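Okay, so the sequence shown: first residue is 1 according to full-length UniProt numbering, each after it adds one. Structure first, then comments.
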Amino acid sequence: MSGYYDDCFDHITDPVQRNSVRQQWLQMVDGGLSIADVRMLLDKYPDFRFVIGRWISTKPESLGFGDNTIDRLKEFVATLPEFKDVFDKYVSQLVSSDQYRQGELKKLATIFPQFKQVAEQRIKENEEERRKANEKRRKDDELRIIELMSEQNKREEAGRWYTDTPY
């Protein structure tokens with residue numbers, strides 16, 4: 001069974017150890033390992049560090065990170081401080097993406113204080129975009145109402161013109 005991550009294990013020269021680490025990785029990708037299990041694997045197989053470091057940033061969903069799992073990310077950071085730079089890169093990508101709402105950005109800024117200023121700036125930009133969109137929608141609505149009233153006035157004027165004629 002081959003996977004997109006197989007080349008992560010090429011640096012392990014012992015085939016038995018390579019297969020063992022790979023099997024543990026498959027379990028983790030399938031959600032079968034807790035953060036404590038990951039810590040145990042790191043202690044037992046130092047080469048596992050390479051795999052995690054590589055795939056946290058490229059395939060975060062394989063570690064259970066997603067839109068609604070920021071708390072899991074916090075647990076990983078607390079349990080695996082040696083991956084701080086990898087987590088920082090991942091969080092930086094999250095903060096700069098358009099998909100996160102204010103609450104999620106604030107939560108990320110709480111977990112990762114170094115991104116507080118960036119998150120606050122992003123929140124401010126989002127609020128400004130929302131304000132501009134609301135203002136545009138309001139102006140468009142006003143123009144539509146003015147156009148409708150103008151059309152109605154024209155119809156009323158046209159109706160009066162026909163009723164005023166003596167024919």
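Ideal Cβ positions, reconstructed from N, Cα and C, are used throughout, including at glycine. Keep in mind the model is a prediction, meaning the values are calculated, not measured.
Just the C-alpha distance for Glu147 and Glu156, rounded to the nearest angstrom, thanks.
Going by the C-alpha atoms only, they are around 14 Å apart.
What would DSSP say about Phe115, mapped onto helix, strand or coil?
Phe115: helix per DSSP, three-state reduction.
So, helix, strand or coil for Asp80, using DSSP?
The sequence given here places Leu at residue 80; Asp does not occur at that position. Three-state DSSP puts Leu80 in coil, outside helix and strand.
Can you grab the Cα-Cα spacing for the pair Lys136 / Gln121, in whole Å?
Lys136 and Gln121: Cα-Cα distance of roughly 22 Å.
Would you mind working out which of Met149, Tyr90, Gln23 sits nearest Phe115, comparing C-alpha positions?
Nearest of Met149, Tyr90, Gln23 to Phe115, Cα basis: Tyr90.
Can you check which of these residues, Lys106, Arg54, Ala109, is closest to Val86 by C-alpha distance?
Cα-wise, what sits closest to Val86 is Arg54.
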